[in-house]
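Here the structure is laid out as structure tokens; the discussion comes afterwards.
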Amino acid sequence: MKLHISGPSNNLINATVKITGSKSESNRSLLLKALYSNISISNVSNSDDAIVMEKGLQISTGVVDIHHAGTAMRFLTSYFASQEGKEVTLTGSQRMTERPIKVLVEALQSLGADITYVKNEGYPPLLIKGKKLTNNKVSLPANISSQYISSLLLTAPSLENGLEVELVGKITSVPYIKMTLALLREIGVESTFEENTITIAPKKEVKPTKLVVESDWSSASYFYSLIALSDVGSQITLSAYKQDSLQGDSVLAKIYKDFGVETVFQEHQIILKKTMINPLSKVTIDLSNAPDIAQTIAVTCLGLSMGCYLTGLHTLKIKETDRLEALYTELSKLGANIEVTDKTLTLEPTQTIKSGVAIDTYNDHRMAMAFGPLALKTALFINDAEVVSKSYPDYWTDFENLGIIVKQA
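Throughout, the numbering used here is defined as the position within the sequence shown, counted from one, plus 495.
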């Protein structure tokens with residue numbers, strides 16, 4: 496589906512949007528519920544990723560196809576490896592078979608897991624024969640995707656001897672590790688995180704617990720971008736959010752101050768207000784702890800005729816697509832002066848944005864959504880726009896309700 500999107504008659508926005516539960520929190524909660532049956536969950540994400548995660552957890556034998564869901568691939572690898580008697584082939588889309596998983600597989604094998612590669616070593620599909628894992632010490636590079644680490648931590652309390660994870664080097668994506676540990680604490684699991692060692696105590700049973708999933712901060716990023724690109728006086732109210740969020744992307748509230756956006760926390764809502772025209776010509780931001788918002792920030796800067804230097808982006812090359820190369824290609828189409836390395840992005844201020852450009856999305860939901868707010872500055876096309884269903888199925892409907900003109904091309 497190709498969409499043509501353009502801004503409203505004026506760039507003054509005033510609206511309220513309810514956003515579904517966090518994909519990250521939902522997938523963690525779903526895995527814990529599979530391990531401990533007396534856990535219940537509310538406000539689960541309606542994303543494709545959460546749906547395939549939930550379906551995958553219900554399968555005991557045969558093929559588990561998680562499509563494009565990278566989180567599900569990592570989490571389910573540990574889950575099935577630790578489930579005695581279950582035997583599955585864990586696979587996904589063509590892109591998924593190109594995304595490395597060797598670090599996690601080797602970590603699980605060191606714990607005694609029975610996992611073999613069906614095709615190419617180091618990549619899905621995986622044949623996993625679940626067994627009782629009794630080894631309780633494992634070592635991992637600290638600079639890998641936090642999903643590998645969280646995958647092990649979530650399964651750890653169900654192991655007979657718990658788990659001690661040593662992270663070697665400088666740790667990245669710390670907020671996502673802390674999110675996992677906070678959810679474990681919420682269900683009564685004891686843990687420690689001292690220097691580079693995380694210890695999870697074993698727990699056979701947990702008390703009945705209801706996990707309430709906070710709305711997704713990554714999804715909120717596109718509304719931060721919209722308000723940044725709108726006129727002073729615009730505001731959007733988003734629910735349901737917490738000021739003491741577990742999600743790393745909640746750093747948006749701080750980052751977008753530099754783009755003239757004020758965040759007001761009110762009960763379970765945040766109100767985004769465009770309070771001033773951005774005074775800066777260039778920003779430097781380390782996104783080591785929140786790489787998923789890099790695309791949104793880069794597009795915001797282009798729309799505001801600002802420059803940016805974004806660092807800490809090394810995990811973007813193994814996402815749904817190589818996001819750094821994809822950003823380079825698509826922003827260049829719009830007239831941007833941009834450079835990328837394997838872990839940084841540099842954008843110079845650009846005064847003119849080309850109109851009528853068709854943005855390719857590379858089977859990546861964040862590519863489609865990040866470029867959506869640019870409709871306030873120039874009319875553009877989004878190819879394969881339905882890819883947003885991976886994390887935010889209602890995205891284009893919510894945009895229409897804000898006054899953005901969305902038409903099938």
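Beta carbons are placed, not taken as given, at the ideal position from N, Cα and C, and that holds for glycine.
Bounds of the alpha helix (DSSP H) holding V598 are K597 to S605. Nearest C-alpha to L530 among M496, S653 and I546: S653.
Between the beta-carbon of P620 and that of T586 there is about 4 Å, and that keeps the pair under the 8 Å contact cut. The alpha-carbon of M801 is positioned some 11 Å away from that of T779. Within the DSSP bridge table, the entry for V583 names G557 and I623 as partners. Per the DSSP secondary-structure output, E825 pairs with nothing in a beta bridge.
Here K769 is buried. Its C-beta has 16 or more other C-beta atoms within 10 Å. Using a Cβ distance threshold of 7 Å, I848 and G830 count as a contacting pair. Annotated three-state conformation of A748 is helix, per DSSP.
Judged by their CB atoms, Q790 and R680 are not nearer to each other than the 7 Å cut-off. Around the beta carbon of K614, a 10 Å sphere encloses fewer than 16 other beta carbons of the protein chains shown; the residue is thus reported as exposed. According to DSSP, residue pairing for H499 in a beta bridge involves F876 and K902. For S729, no beta strand (DSSP E) run applies, since DSSP gives it neither H nor E. Counting other Cβ atoms within 10 Å of its Cβ, D787 reaches 16 or more and is therefore classed as buried. Just measuring C-alpha positions, the residue of A863, E815, A853 and L805 sitting nearest V835 is L805.
A direct Cα-to-Cα measurement between K777 and Q553 gives close to 49 Å. Taken in chain order, the whole beta strand (DSSP E) runs of length 3 or more contained in the stretch 517-558 are 534-537.
Setting aside the 5 residues that flank it on each side, G607 is surrounded in the same chain by L628 and N630, each with a C-beta closer than 6 Å to its C-beta; the list follows chain order. By the CB criterion at 7 Å, V583 and V600 fall outside the cutoff. For S634, the pairing in a beta bridge is given by DSSP as E661.
DSSP, read as helix, strand or coil, puts I848 in coil. Y671 sits close to G743, with the two beta carbons spaced by under 7 Å.
DSSP, read as helix, strand or coil, puts L647 in helix. Annotation: the stretch 681-720 contains the following complete segments of the beta strand (DSSP E) (minimum length 3 residues), in chain order: 686-689, 692-695 and 704-707. Secondary structure at K812: helix, using DSSP grouped into helix, strand and coil.
The beta carbon of L811 is closer than 6 Å to those of P786, R818 and L819 in its chain, skipping five residues each way along the sequence. Assigned with DSSP and collapsed to three states, Q642 falls in helix. Exposed is the label assigned to M771, since fewer than 16 other Cβ atoms lie within 10 Å of its Cβ. Beta-carbon to beta-carbon, N784 and S668 are separated by about 6 Å, close enough to satisfy the 8 Å threshold. For N896, the uninterrupted alpha helix (DSSP H) segment begins and ends at Y890 to N896. Per the Cβ contact rule, the stretch 757-764 is not in contact with the stretch 683-690 (fewer than 3 Cβ pairs under 8 Å). The DSSP-derived three-state label of I514 is coil.
In this model, Y751 and T841 are separated by some 18 Å (Cα to Cα). Residue pairing from DSSP places V835 in a beta bridge opposite L840. According to DSSP, I854 shares a beta bridge with I877.
Between R523 and K749, the alpha-carbon positions lie close to 26 Å from each other.
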